[in-house]
Each structure stands twice: as C-alpha cells, then as structure tokens.
Amino acid sequence: MNVLLVYAHPEPRSLNGSLKDFTIKRLQAAGHAVQVSDLYAMNWKAPLDADDSLGRADNSRFDPSLDSKRAFEEGLQSADIAREQEKLLWADTLLLQFPLWWFSMPAILKGWVERVYAYGFAYGVGEHSDARWGDRYGEGTLAGKRAMLIVSAGGWESHYGPRGINGPMDDLLFPIHHGILYYPGFDVLPPFVIYRTGRIDEARFARICEELGQRLDQLQQTAPIAFRPQNAGAYRIPELTLHPDVATDQQGFAAHLM
Ligand code: FAD
C-alpha cells in the first residue's frame, strides 16, 4: 500500500515528531511505501494567493476559485501544489498528523488543504443536475482511498466527552472528517487521538506507540466512519437537505451518519 503522511509540527523532537518517526518505521516494516510531506521542514507556503496560479495577466483581479480552476486545467499551478496532488493520487491512504491548535489543525496544514485542493481536483468535480450535485461526499477524485487523522491534544479525554466543556472530539473533527476528507471522496477512518499530552512519560509513550501501531497495522481493515453519501438517495437535490424520512429524530452533525 502507498501511504502519504502529511505532518504539521515545527519541532522534530516533539511528541508529534517522535510519533511521526514511529509511524514511518512501522509502515515501512510492514512493507508499505511511505511519502512524507513534513510541512514545516518543507517551508510550505500556507496562504492561498495569486502566486498559486501561474501565467495570470498583471493587475487582473484574482479569483481564488476560478484562477485555481484555470491553473489546474491548463497545467499552470504552482509546482508545490502540483507535487502534492501527485502524491495524493499516488497514495492509497492519507494520514494527516497534527497537534490540535485552537480546536483545529495548525494554520500551515489548513493552508496545505486550501492550496492543494484545487477547483477541478477536489471540488467542482462531476455533473451538477437535479439528480446529482457533483462528485462529492463519498464520490470524487480521491474516492477509493482511505484517510485517518493522528491528533494530539493537551486537554483530557473527559474535556472532549459527550458532555465535556470543549465539545465532543467527533464534533470538533467533523469539518475535517466530513468537509475536508469525505467531500473529495476519501473513506474516513476513526481518528487516533492522544489526549492530555502534558502527562506523558516513557511508559505512557510506549503504550501510545503500541496503540498507534495497532491502528497502522489495521489501516486496510478498519471500518470507515459511516457518513451518508450525497447522491445515493438520502438527500434532496438540489436543496441538499436530508429527506424528511431519513434520520427523522436527528439534526446537526450526527444526522449525516448512517
Ligand atoms: P510535546 O510538547 O513535544 O510533548 C508532550 C509530552 O510528551 C511532553 O511531556 C514530552 O516530554 C513527552 N514526549 C515527547 N516526546 C516523547 C518521547 N519520544 N518519549 C516520551 N515522551 C515524550 N490543546 C487542546 O486540547 N485544545 C486546543 O484547542 C489547543 N490549542 C492549542 C493552541 C496552541 C497554539 C498550542 C501551542 C497548543 C494548543 N493545545 C491545545 C495543546 C496542544 O494540543 C499540545 O501542546 C500538543 O498536542 C502536544 O503535542 P507536541 O507534539 O507539541 O508535544
């Protein structure tokens, strides 16, 4: 299996740095091919801007979507963007590894998503009609591939429990799982989350590696999160609301799970 690990931590000697090294070794030992996008080490440019689309006329108005579309279609994307898209197409499985910063991914990783997910590549794909609303949410360029988050958080597991002050971790990660990964087609595996990172000694680190290793060994067998596909009948098109007889007693994020 080909695995792409996109990793966002500025310090190689951090917990995340150690777990990145562990992950690469474990996957390679199991015979998988691994590519790593170490965003800080690559000095990845986070902001999406006019420099991402080559060959633009001077002084023309920059349109983040339409310039992305044109650059993608005409082979005029910035080289760093095209390289990451090639890695995504190569990969059978994508791992995104990051510390939870302000309840989400670090800005450098968000910038990777914004720039690499070009119009025509990750969105704006497929027919839009009264029967289908594009190839997305279960369909799309990255369909057939798997993805999993590896996330560390300073807060305790209880802080992220069903009644915890921070809100449930599944809810916080929903925009990444559903919006960033399921949208362009990935099957999304349950995340590997490390809580309470301020309390890690050698013994706990060993346990974390043991648990992470098991998850990595099971990447191809683990059942994905059961999100509802957009074009398979559960949603009215083009309103894109759930049919009244689907998940009748549910609303919000949970309603989009089968
Ligand atoms: P490190 O700080 O590098 O390490 C954590 C612990 O692991 C240390 O005790 C270290 O000694 C130990 N360790 C590291 N490597 C090893 C090893 N090889 N063997 C044994 N022990 C080791 N947390 C939240 O819960 N929610 C938030 O919204 C949030 N927002 C944040 C925003 C910012 C800007 C920042 C800086 C932090 C935030 N945090 C938040 C906390 C953050 O999630 C944690 O600091 C982060 O997940 C810890 O990961 P790290 O790789 O930086 O760990």
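Note that UniProt numbering gives residue 103 to position 103 of the sequence shown, counting from 1, and the numbers run on in steps of one.
Built from N, CA and C at the ideal position, the CB exists for glycine as well.
Tell me which same chain residues have a C-beta within less than 6 Å of the C-beta of arginine 196, skipping the five on either side of it?
-> Numbered from its first residue, the sequence shown carries residue 196 at position 196. Trp156.
Sorted by chain position, which residues of the same chain lie with C-beta nearer than 8 Å to phenylalanine 192's C-beta, five sequence neighbours on each side aside?
-> As a working note, residue 192 is residue 192 in the sequence shown. Result list for phenylalanine 192: Met148, Leu149, Ile150, Val151, Glu211, Leu212, Arg215, in chain order.
With respect to 8 Å, is the separation between the Cβ of glycine 154 and the closest non-hydrogen atom of ligand 1 below this value?
-> Residue 154 sits at position 154 when you count from the first residue of the sequence shown. At least one heavy atom of ligand 1 is nearer than 8 Å to the Cβ of glycine 154, so yes.
Near ligand 1: glutamate 86 beta-carbon under 8 Å from a heavy atom = Numbered from 1 along the sequence shown, position 86 holds the residue referred to as residue 86. Because no heavy atom of ligand 1 lies under 8 Å away, the Cβ of glutamate 86 does not count as near it: no.
Over the uninterrupted alpha helix (DSSP H) stretch that includes leucine 19, give me the two end residues.
-> Locating residue 19 in the sequence shown gives position 19, where the first residue counts as 1. Leucine 19 -> alpha helix (DSSP H) spans 15-29.
Valine 113, DSSP secondary structure in three states | For this step, residue 113 is matched to residue 113 along the sequence shown. Looking at valine 113 - three-state DSSP - the assignment turns out to be helix.
Any chance the CB of phenylalanine 62 is under 8 Å from a heavy atom of ligand 1?
-> Mapped onto the sequence shown, residue 62 falls at position 62. Checking the Cβ of phenylalanine 62 against ligand 1 gives no.
Quick one: what does DSSP say proline 244 is sitting in, helix, strand or coil?
-> Working through the sequence shown from its first residue, we reach residue 244 at position 244. Three-state DSSP puts proline 244 in coil, outside helix and strand.
Nearest-angstrom beta carbon gap, isoleucine 225 and histidine 177 [assumed within contact, 8 Å] = The residue you call residue 177 lines up with position 177 of the sequence shown. The residue you call residue 225 lines up with position 225 of the sequence shown. Going by Cβ atoms, the distance from histidine 177 to isoleucine 225 rounds to 6 Å, so yes, they are a contact pair.
With DSSP collapsed to three states, give me the class of tyrosine 7.
-> The sequence position of residue 7 within the sequence shown is 7, counting from 1. If DSSP states are grouped into helix, strand and coil, tyrosine 7 belongs with the strands.
In terms of alpha-carbon separation, which member of Gly167, Val6, Gly164 lies closest to alanine 41?
-> Taking the sequence shown and counting its residues from 1, the one referred to as residue 41 is at position 41. Among Gly167, Val6, Gly164, the Cα nearest to that of alanine 41 is on Val6.
CB-CB under 7 Å to glutamate 73, same chain, minus the five flanking residues each way: which ones, in chain order?
-> Taking the sequence shown and counting its residues from 1, one reaches residue 73 at position 73. So the qualifying residues of the chain are Gly120.
Top-ranked residue by Cα proximity to glycine 124, from Gly134, Gln35, Ala46 = Position 124 of the sequence shown holds residue 124. Measuring from the Cα of glycine 124, the nearest candidate turns out to be Gly134.
Nonlocal neighbours in the same chain, by C-beta distance under 6 Å from glutamine 35, ignoring five residues either side | For the purposes of this step, residue 35 is identified with residue 35 of the sequence shown, where counting begins at 1. Leu4, Lys87.
Cβ contact check for the segment 233-249 and the segment 50-63: 3 or more pairs under 8 Å | no
Would you check whether ligand 1 has a heavy atom nearer than 8 Å to the C-beta of leucine 100?
-> For the purposes of this step, residue 100 is taken as the residue at position 100 of the sequence shown. Leucine 100: yes, Cβ under 8 Å from ligand 1.
For asparagine 2, I'd like the list of residues in its chain whose CB is within less than 6 Å of its CB, leaving aside the five on either flank, ordered along the chain.
-> Translated into the one-based positions of the sequence shown, residue 2 becomes position 2. So the qualifying residues of the chain are Ala33, Trp90, Ala91, Asp92.
Backbone secondary structure at aspartate 38 - three-state DSSP | In the sequence shown, residue 38 corresponds to position 38, counting from 1. It is a strand residue.
Just reading off the beta strand (DSSP E) that glutamine 97 is part of, what are its end residues?
-> On the sequence shown, residue 97 is found 97 positions in, with the first residue counted as 1. Here the beta strand (DSSP E) through glutamine 97 covers 93-99.
Taking 8 Å as the line, does the beta carbon of isoleucine 24 fall inside it for any heavy atom of ligand 1?
-> Here residue 24 corresponds to residue number 24 of the sequence shown, with the count starting at 1. Not under cutoff, so the answer is no.
Measure the CB-CB distance between arginine 146 and leucine 189 and report whether it falls below 9 Å.
-> Here residue 146 corresponds to residue number 146 of the sequence shown, with the count starting at 1. Here residue 189 corresponds to residue number 189 of the sequence shown, with the count starting at 1. Yes; because the gap between Cβ atoms is below 9 Å, this pair is in contact.
Residues sharing a beta bridge with glutamine 77, DSSP | The count along the sequence shown starts at 1 and reaches residue 77 at position 77. DSSP output for glutamine 77 lists Ser53 as bridge partner(s).
Can you tell me which of the three DSSP states arginine 146 falls into?
-> Translated into the one-based positions of the sequence shown, residue 146 becomes position 146. If DSSP states are grouped into helix, strand and coil, arginine 146 belongs with the strands.
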